[in-house]
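First the structure, in the form of structure tokens, and then the observations on it.
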Amino acid sequence: MASRKARFEESMKRLEEIVRELETANLSLEESMAKFEEGVKLGKICRELLEKAEARIKVLVEDETGTLREEDAPYDPKD
Amino acid sequence: MPLDDKNYLTVSELNALVRSLVEESYPEVTVLGEVSNFKRHTSGHLYFTLKDAEAQLRAVCFRSEAGRISFDLEDGMQVLATGRLTIYEAYGQYQIVVYSIEKAGVGALEAAFRQLRERLEKEGLFDPAHKKPLPAYPFRIAVVTSVTGAAVRDVVSTLRRRWPPVEILLFPVAVQGNQAAPSIVRALELLPRVGGLDLIILGRGGGSLEDLWAFNEETVARAIYDCPIPIVSGVGHETDFTISDFVADVRAATPTMAAEIAVPRVEDIRRRLDEIESRLIQFAEVGLELRGRHLSELVRSYALGRVRGRVEGAMQTLDYTVERLYRCAREMTRDRRNRVNETLARLDGLDARRVLSRGYAVCSDGGTGRIIRSSVAALDARDVRLTFSDGKVSAEVKEKVNGE
């Protein structure tokens with residue numbers, strides 16, 4: 015699955031496109047409605063991505079073989 | 055040439071000859087370089103190499119002089135060494151016999167900094183064309199810094215405050231001392247192997263030019279240049295510029311500012327989404343109004359007997375459109391949803407009144423208020439309400455009328 019960054023970026027880009035198309039293109043009601051529906055769905059995707067806060071901070075640790083492991087932070091630097 | 059009857063020199067003779075030339079030419083010289091391969095021999099003599107980016111020089115400091123050095127030499131240190139040049143004849147190796155050494159002052163470090171900056175700039179390491187654009191919405195960010203300093207707290211809290219959906223991966227490194235440059239280089243080599251990383255923040259808090267020196271190392275500069283993931287650097291304070299800053303894709307004045315540049319503010323993005331949805335709703339409204347006007351025209355034509363059958367079709371389209379809008383409204387946040395519903399209610403009412411004024415009435419259930427669309431439903435309801443353009447009346451359904 016595409017990364018959250020990619021999904022968010024694409025959704026925002028498409029949303030801006032839709033607004034532009036609605037503004038400039040001479041669309042039938044049917045086409046406008048389809049765009050409107052697509053826009054509402056994309057807006058929902060974006061809002062969901064924003065709501066899902068990744069509260070965890072991880073620390074990267076290199077092991078003997080030179081690969082990185084993600085470990086939960088032993089402390090919260092916000093404290 | 056003292057060849058006498060020979061036409062050659064022995065190695066010993068040649069080395070002795072060159073040694074005297076070198077010693078006569080350089081009885082005292084001061085050289086700026088970085089200490090490496092430092093060793094303190096059991097005899098008390100110090101052996102090390104002085105180097106810069108392109109050349110090396112063997113150095114020795116004998117015990118008598120070594121005792122007078124006021125600080126501990128260590129690898130990575132920039133020093134000004136004064137001594138005489140000589141040749142160690144046994145190895146045919148030229149070296150400097152150091153008799154005084156001091157940490158390179160700010161002036162000397164600045165000179166080294168300027169030289170490296172010029173060389174790397176000429177090589178194209180600061181080329182804007184090579185700089186990668188930062189992602190507008192990074193969700194996974196690596197922070198390369200010391201985990202003990204204040205910088206990491208500032209960066210983490212700034213990132214989370216502005217952009218709560220962010221996932222932060224801390225990569226602890228030394229940011230000072232002789233391990234700093236290698237550990238930063240290692241981090242930048244390893245991080246691209248971490249999946250789905252959107253951005254790297256490289257930083258450390260303020261300090262002296264010596265403290266920040268790791269960020270002026272050529273190896274660090276090249277690691278930044280070679281890293282395929284966009285890097286924002288934030289080293290020191292506003293006035294500190296390091297080579298790392300020049301190579302990084304974006305330079306921030308401080309670690310906190312690096313975090314601010316790295317992520318958008320979630321409120322700004324939410325506001326933009328609000329604006330977009332408002333625009334979408336506006337377009338839906340316009341579409342709906344056009345459709346409503348079209349329907350009114352059809353109704354008028356129908357009343358004049360010009361069209362038959364098309365009114366129902368147009369009404370259905372309108373119903374369908376309204377249905378779709380309601381469905382969309384359910385997906386929206388509460389504020390947007392209310393707005394769509396209000397619009398729909400307004401347009402619905404507007405349209406109904408127009409139609410009603412042409413001589414139609416809406417029949418609804420007297421109890422539930424639900425609109426009645428068939429004679430069967432009307433018989434079921436018994437008590438009905440008829441809505442005209444100027445008001446409502448209640449009525450009782452008597453019986454099905456046949457033949458019409």
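Listed in order, the protein sequences are those of chains A and B. For the working numbering, add 14 to where a residue sits in the first sequence, where the first one is 1. For the working numbering, add 54 to where a residue sits in the second sequence, where the first one is 1. C-beta: ideal position from N, C-alpha, C; glycine also.
Check whether chain B comes within 9 Å of T81 of chain A, counting only Cβ atoms and requiring the distance to be less than that.
yes
So is E221 of chain B in contact with chain A if we call contact Cβ pairs under 9 Å?
yes
Quick one: is E76 of chain A near chain B, going by C-beta distance under 9 Å?
yes
Taking a cut of 7 Å between CB atoms, which residues from the segment 38 to 53 of chain A lie near chain B?
L43, S46, M47, F50, E51, G53
Validate contact between the segment 195 to 203 of chain B and the segment 289 to 302 of chain B using beta carbons, cut 8 Å, 3 pairs:
no
Distance between R61 of chain A and G445 of chain B (C-alpha atoms, nearest Å):
43 Å
Would you check if the distance between the CB atom of T296 of chain B and the CB atom of V286 of chain B is smaller than 9 Å?
no
Element boundaries [alpha helix (DSSP H), containing S429 of chain B]
429 to 435
Give the straight-line distance between the Cα atoms of S46 of chain A and L74 of chain A, rounded to the nearest whole angstrom.
48 Å
Measure the C-alpha to C-alpha separation of G130 of chain B and E172 of chain B and round it to an integer number of angstroms.
21 Å
Are the beta-carbon atoms belonging to L134 of chain B and I155 of chain B less than 9 Å from one another?
yes
For E84 of chain A, go through chain B and note every residue whose CB falls closer than 9 Å to its CB, in chain order.
L223, V248
For A228 of chain B and chain A, any beta-carbon pair shorter than 9 Å?
no
Under three-state DSSP, which class holds V89 of chain B?
strand
Would you kindly check if the distance between the Cβ of P219 of chain B and the Cβ of L36 of chain A is under 9 Å?
no
With the cut-off set at 9 Å, would you say L68 of chain B and V85 of chain B are in Cβ contact?
no
For chain A, is any of its Cβ atoms less than 9 Å away from the one on I330 of chain B?
yes
Rounded C-beta distance between V76 of chain B and L127 of chain B? I'm assuming under 8 Å.
About 24 Å separates the two Cβ atoms, so there is no contact after all.
To the nearest angstrom, how far is the alpha carbon of H95 of chain B from that of A190 of chain B?
56 Å
Whole-number beta carbon distance between G53 of chain A and L82 of chain A, since they are thought to touch under 8 Å
So it is not a contact: roughly 40 Å between Cβ atoms.
Alpha carbon to alpha carbon, how far is E78 of chain A from K157 of chain B? Give it in angstroms, no decimals.
36 Å
With a 10 Å radius around its C-beta and 16 neighbouring C-beta atoms as the bar for buried, classify F167 of chain B as buried or exposed.
buried
Taking its Cβ as the centre, do 16 or more other Cβ atoms sit within 10 Å of R258 of chain B, making it buried, or is it exposed?
buried
Min CB distance T375 of chain B to chain A below 9 Å:
yes
Looking only at C-alpha atoms, which of B:A435, B:V317, B:V430, B:G203 sits nearest to R424 of chain B?
B:A435
Consider the C-beta atom of R70 of chain A and the heavy atoms of the ligand NAP; say whether any pair is separated by less than 8 Å.
In the structure shown, the ligand NAP is absent, as is every other ligand, since no ligand is present at all.
Going along chain A, which residues have a C-beta under 7 Å from I501 of chain B?
Outside the modelled stretch of chain B, which goes from 55 to 458, sits residue 501 of chain B, for which no answer is possible.
By the 8 Å beta-carbon criterion, what residues does the segment 184 to 204 of chain B contribute toward chain A?
P189, A190, Y191, P192, F193, R194, A196, V201
What's the C-alpha gap between L251 of chain B and L223 of chain B?
9 Å
If you measure from the beta carbon of D252 of chain B to each beta carbon in chain A, is any gap under 9 Å?
yes
Find out if the Cβ-Cβ distance for the pair P81 of chain B, K186 of chain B is shorter than 9 Å.
no
Out of A:L43, A:K27, A:R21, A:D86, point me to the one whose CA is closest to K72 of chain A's CA.
A:D86
Which of helix, strand or coil does DSSP assign to Q233 of chain B?
coil
Should E321 of chain B go down as buried or exposed, given a rule of 16 or more other Cβ atoms within 10 Å for buried?
exposed
Is it right to say V239 of chain B is buried, meaning 16 or more other beta carbons lie within 10 angstroms of its own, or is it exposed?
buried
Contact set for S25 of chain A: own chain, Cβ-Cβ below 7 Å, skip 5 residues either direction
L56, I59, C60
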